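First up is the structure itself, then whatever we jot down about it.
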C-alpha cells in the first residue's frame, strides 16, 4: 500500500513538473532556423534548466523590457545593439545581472533557482559560452506573448470596419 | 472559562510574536549582501603592460563571501586606468562579482596585486579587503 502511494506521489510530482515545463521546439531542432546574427548586434540567450520551483515563472526583463518568462527547461533570446545590459527577474525580490554586449558576441544567461522566504528566487547568472552552449541544447523555445492591454482589445466586429 | 481565556491570550501572543518575527525576517533577509561600489571614470591612461597571463590560478573570496577563480593561462588585456589602478579584461573566461545581484567585472591591478574589480556597466570600482599577489607573465608591453 505504501509503495502504491509512493508511486502515485511520484506520478503527481512528475505530471506537475511536466506541466510547468516549456513545450516549444527543442533548441537542437530550432538551432538551424535561428536567424544569423544581424551585423552590428550581439545576442543574449536566456535559459532555465532547473525544475526546482517549477511553478515560479517570473517575467525576465532586459533593460526594462519584458522579453520572456523563466519557464523550466525553456529558452529564448534577444538580439541587441552593443552596449550595457541588465537582466532582471522579480519574485518576492528583484535579482539583477549586469553585462556588456559587443558586436557579434553571443552571451548565455542561465536562470538559477534558490530558496526564498515564501517562494523560490530566480536569479540570472552569466555562464561560460561552452557551458551555455551545452546546457541550452535540451531546452525548449519559450515564445513570449505580450499581455493584451484591456484598452487595446479588439471590439467585436472590428474586423468588419 | 478562565482557562479558556488564558489559552486564547497565549495563542494570540504567540501568533503576534510569530508575525513580528516573520515581518522582521521578510524585511531584512533578502538584500543583505551588498557589494561595495565606488563610482569612477575609466580613462585610457598609460600602462607599460598591454597584456599578461597568470602563472598560476588564483582563488578569490569576495568580501560578500562568494568565491571566484582567475584561471591559469587566461590572457588579460589592458582596458584603461581608474584612480585605484589599471583595468584589464579578458575574453577567455567569464568574470562576475556577486552580492545579492551579479555584475560583470574586469580586474584592477596595482603594483602587481589584484586590488579589486571594475564594473563596466555600473562604471564603479569594487575593492577587495585583502589585495592578492599575482604571478604575472608579461605578454606584450606598450611601446
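Residue numbers (our numbering), protein chains in the order written: chain A, 13 to 173; chain B, 145 to 287.
Quick reminder that beta carbons are idealized off the backbone N, C-alpha and C, glycines included.
This one's a predicted model, so the numbers in the text were calculated from it and none came from an experiment.
Discussion item. Going by beta-carbon coordinates alone, are residue 116/A and residue 49/A separated by less than 9 Å?
Written reply: yes
Discussion item. Comparing C-alpha positions only, which one of 249/B, 204/B and 257/B sits nearest to residue 234/B?
Written reply: 249/B
Fill in: Sequence-distant residues of its chain with Cβ nearer than 6 Å to residue 135/A (five each side left out)
107 and 124
Discussion item. Which of the three DSSP states is assigned to residue 130/A in this structure?
Written reply: coil
Discussion item. Three or more C-beta pairs under 8 Å: does that hold for the region 66 to 85 of chain A against the region 194 to 212 of chain B?
Written reply: no
Fill in: 9 Å Cβ cutoff, residue 248/B in contact with chain A
yes
Worksheet item: For a contact meaning CB atoms closer than 9 Å, what does residue 109/A contact in chain B?
Response: 240, 245, 246, 247 and 248
Worksheet item: Can you list the beta strand (DSSP E) stretches of 3 or more residues lying completely in the region 61 to 128 of chain A, in chain order?
Response: 71 to 74, 77 to 81, 86 to 92, 95 to 102, 106 to 113 and 118 to 126
Item to complete: Write down the C-beta distance between residue 103/A and residue 128/A rounded to the nearest angstrom, noting that I regard them as a contact closer than 8 Å.
Response: 6 Å
Item to complete: Return the CA-CA distance between residue 193/B and residue 222/B, expressed in angstroms with no decimal places.
Response: 7 Å
Item to complete: Could you work out which residue in 253/B, 266/B, 261/B and 271/B is closest to residue 191/B when comparing CA atoms only?
Response: 253/B
Worksheet item: What separation, rounded to the nearest whole angstrom, lies between the Cα atoms of residue 263/B and residue 270/B?
Response: 7 Å
Worksheet item: Of the choices 110/A, 98/A, 142/A and 100/A, whose alpha-carbon is the least far from that of residue 236/B?
Response: 142/A
Practice prompt. Pick helix, strand or coil for residue 33/A, following the three-state DSSP scheme.
Written response: coil
Discussion item. Mapping the DSSP letters down to three states, classify residue 40/A as helix, strand or coil.
Written reply: helix
Worksheet item: Closer than 8 Å, Cβ to any Cβ of chain A: which residues of the region 250 to 276 of chain B, in chain order?
Response: 263, 264, 265 and 266
Worksheet item: Which residues in chain A sit within 7 Å of residue 181/B, going by Cβ to Cβ distance?
Response: By Cβ distance, chain A contributes nothing, its closest Cβ being about 11 Å from residue 181/B, past 7 Å.
Discussion item. Tell me the DSSP secondary structure of residue 252/B in three-state form.
Written reply: strand
Worksheet entry | Where the region 132 to 153 of chain A meets chain B: residues whose CB sits under 9 Å from a CB there | 133, 135, 136, 137, 138, 139, 140, 141 and 143
Item to complete: Just confirm the distance between the C-beta atoms of residue 154/A and residue 54/A, as a whole number of angstroms; I'd bet it's less than 8 Å.
Response: Between residue 54/A and residue 154/A the Cβ distance is about 20 Å, and since that is not below 8 Å, they are no contact.
Worksheet item: Can you list the residues of chain B that residue 75/A reaches, using a CB-CB cut of under 7 Å?
Response: Within 7 Å Cβ-Cβ: nothing; residue 75/A doesn't reach chain B, min ~10 Å.
Item to complete: Note the first and the last residue of the continuous alpha helix (DSSP H) segment covering residue 144/A.
Response: 141 to 147
Worksheet item: Is residue 157/A close to chain B, meaning its C-beta is less than 9 Å from at least one C-beta of that chain?
Response: no
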